Amino acid sequence: MSLLAIRELVVRFGSTTAVDRVSLDVAPGEIVGLIGANGAGKTTTLRVALGIERATSGDVDLLGDLPAHQRRRAVGYVPQSLGLWQDLTVAQNLAFVAAAFGVAEPRLPASLAGSARVAVADLPLGQRRRLAFEAALCHAPRLLILDEPTSGVGPLERSELWDRIAEARDAGAGLLVTTHHLSEAEQCDRVIILLAGQVAAAGTIEDLRTGHHATVVRAADRTTALRRLDTAFPAVSLAGHDIRVPGAPLATVATALGDLAAELDTAPATFDEVFVGLARQT
Amino acid sequence: MTFSLEAVVVRRHARTDLDHVDLAGRAGSLSAVVGGDGAGKTTLLRTLVGALTPSAGQITTPARERIGYVPASSGVYPDLSVAENLRFSAAAFGSRGEGRDMRTRELLAATGLTDARDRLAGNLSGGMRQKLAFACAMLHAPDLLVMDEPTTGLDPMSRSELWRLVSIALGSGTAAVFATTYVEEAARADHVLVLDRGRTLVSDAPAQVIRDLPGQVVSLPGATPEHPSWRRGRVRHAWIATGPPPSEARAVEPDLEDAVIVKALAARMASLPEPLR
């Protein structure tokens, strides 16, 4: 059974439709990534799921019932701002959250053990993020909602934070993660892409990439090639010596280059290029 | 070279924020500075634009008025309209008259902000604000464009738009440097500099960083105590520094993310006392 089941959700603010017939599920033991353009309805969907915002129509089932304040006991949430008390120490922050939920104080993980008496304001960002996870996990929530959980940290720290997130998943929690970045999206078991209030695509990252390509152009006269391609196609960009033209077939690109000498090749689309392709289809 | 930093050291409050860092770029090149919080990215960029004076080292850059800078805060004035922000930047760089008006029209069109010219910058979406910041920094067609985490908070579409604009600038000969916390973004750069607590962890062309990876990277179904590993989607990648990989390992084609993690692991191991390695 799903921890969170959203069916045909519609949310309107006046004449604006923020969420337009969105359906999504989060089951125990899976990490679902919610990816969308700014203003695509991600935050509104989450707010409805948490019972903060009302649905105009559609069904939302949170842990077998309507979203309500009482359900929140079984939901953990880590916002972008992390929601920690800056002036309290690491240990005090955890004690506070544990007391609020009426649970036993959790033990500090090894990576935070040496910083128990450090004020959160003085903690490096990676440790602050780790602490926010521990605080959100201390009452053993069945559903955990994370907003860009590893933004701002370096690559090695990011992978360590994902180890902790996956640990919660492996212990049976369901996780809903909002993100804009491939390095986070690839850690999700499946991802849902929201565009203009609608689900534009869903599946694993590999599924989503299937069928999306870019034509890669290498020209001695990079400047002229770039100018010609940028006039003819959207989202053209440089990657090293190469010019990438997402979503455009090789033959069309060759035509746009005209008499300019260039080598052309087809490559799988990058994560961002998949988005550009989906946005064009919508 | 349009700019170069040689053995630059920045010390502040008894702390070394940058420790003998080198970086250089020629006209039309894109350099990425990668690292987490506290790695020294902003310090490096601020030193490059002349906002910080290094404690030691050599810096060569174009004159201040030939540099465009997009700070992490975007640096646009929220209480001014889009057009007013552009006019203010133009005035600051002493550009006026017909030349300024033409350049402003060009940049408004390129950034898709023409219809938003009278909107207050404070009311723009994150993507539009970032594009405005880019336009303000590019108004005087600088030789060097420096951007501090220009894609933070941007969705993939706004990001693609921004890279399109940066690409056009590169195509016209501007050298660009940007900071990011995401390795995947650095893959498009000609040169990637990874910083770790003010020190250089990696500095090379992305393809070369992958080629120079010590040992080998394999994929494993789960973590093993013998080899350091990290999560890549539903599998783990592990670094086999020396010797044969475990029998359940599968060969993988490492990417820049893997290569940077291996370098970070190797550096971490080298900093441990001998018995713990």
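Residue numbers (this note's numbering), protein chains in the order written: chain C, 6 to 287; chain W, -9 to 267.
Even for Gly, the Cβ is constructed at its ideal location relative to N, Cα and C.
All figures in this text were calculated on a predicted structure; none of them were measured in a lab.
Item, Value
"Where residue 75 of chain W falls, given that 16 or more other Cβ within 10 Å makes a residue buried", "buried"
"Where residue 153 of chain W meets chain C, residues with beta-carbon distance less than 7 angstroms", "242"
"Distance between residue 117 of chain W and residue 64 of chain W (C-alpha atoms, nearest Å)", "11 angstroms"
"8 angstroms CB neighbourhood of residue 226 of chain W in its chain, flanking five on each side removed", "209, 210, 211, 212, 213, 219, 220"
"Cβ separation of residue 21 of chain W and residue 179 of chain W, assumed to be a contact under 8 angstroms, to the nearest whole Å", "6 angstroms"
"Reference residue 216 of chain C; option with closest CA among C:271, C:175, C:265, C:264", "C:271"
"Residues of its chain near residue 160 of chain W, where Cβ-Cβ distance is below 8 angstroms and the 5 sequence neighbours each way are ignored", "18, 19, 20, 166"
"Where the alpha helix (DSSP H) through residue 95 of chain C begins and ends", "95 to 106"
"Members of the stretch 204 to 220 of chain W that neighbour chain C once the beta carbon cut-off is set at 7 angstroms", "220"
"Sequence ranges, beta strand (DSSP E) only - wholly within the stretch 76 to 145 of chain W, length at least 3", "134 to 138"
"Residues bridged to residue 181 of chain W [DSSP beta-bridge criterion]", "W:21"
"Residues near residue 192 of chain C in its chain [Cβ-Cβ closer than 6 angstroms; skip 5 each side]", "167"
"Proximity winner among C:187, C:147, C:146, C:130, relative to residue 162 of chain C (alpha-carbon distances)", "C:130"
"Closest residue to residue -5 of chain W among W:69, W:5, W:51 (Cα-Cα distance)", "W:51"
"Closest by C-alpha distance to residue 142 of chain C, when choosing among C:171, C:164, C:126", "C:171"
"Cβ contact check for the stretch 25 to 32 of chain C and the stretch 190 to 205 of chain C: 3 or more pairs under 8 angstroms", "yes"
"Rounded separation between residue 189 of chain C and residue 153 of chain C - CA only", "8 angstroms"
"C-beta neighbour in chain C for residue 200 of chain W, strict 8 angstroms", "no"
"Proximity winner among C:219, C:115, C:230, C:69, relative to residue 273 of chain C (alpha-carbon distances)", "C:219"
"Chain C residues whose Cβ lies nearer than 7 angstroms to that of residue 28 of chain W", "129"
"Chain-ordered residues of the stretch 25 to 52 of chain W with a beta carbon less than 7 angstroms from chain C", "25, 26, 27, 28, 29"
"Where the beta strand (DSSP E) containing residue 249 of chain C begins and where it ends", "247 to 251"
"The beta strand (DSSP E) enclosing residue 57 of chain C, as first and last residue numbers", "Segment: none, residue 57 of chain C is in no beta strand (DSSP E) and carries neither H nor E."
"Cβ contact (3+ pairs, closer than 8 angstroms) linking the stretch 22 to 32 of chain W and the stretch 123 to 137 of chain C", "yes"
"Assigned secondary structure, residue 45 of chain W (DSSP; H/G/I helix, E/B strand, else coil)", "coil"
"Whole-number beta carbon distance between residue 232 of chain C and residue 246 of chain C, since they are thought to touch under 8 angstroms", "Not quite, the Cβ-Cβ distance comes to about 16 angstroms (not below 8 angstroms), so this is no contact."
"At least 3 beta-carbon pairs within less than 8 angstroms: the stretch 143 to 156 of chain W vs the stretch 237 to 252 of chain C", "yes"
"Boundaries (first-last residue) of the alpha helix (DSSP H) holding residue 87 of chain C", "It is not in any alpha helix (DSSP H) - residue 87 of chain C carries neither H nor E in the DSSP assignment."
"Whole-Å CB distance - residue 32 of chain C paired with residue 8 of chain C, under 8 angstroms assumed", "7 angstroms"
"Residue-level contact to chain W via CB, residue 92 of chain C, 8 angstroms cutoff", "no"
"Chain W contact for residue 144 of chain C (CB, 8 angstroms cutoff)", "no"
"CB contact below 8 angstroms: residue 56 of chain C versus chain W", "no"
"Residue range of the beta strand (DSSP E) that includes residue 255 of chain W", "No beta strand (DSSP E) contains residue 255 of chain W, which is instead part of the alpha helix (DSSP H) from 246 to 260."
"Which of helix, strand or coil DSSP assigns to residue 232 of chain C", "helix"
"According to DSSP, residues forming a beta bridge with residue 268 of chain C", "C:223"
"Neighbourhood of residue 144 of chain C by C-beta, 6 angstroms cutoff - its chain only, sequence neighbours within 5 removed", "106, 108"
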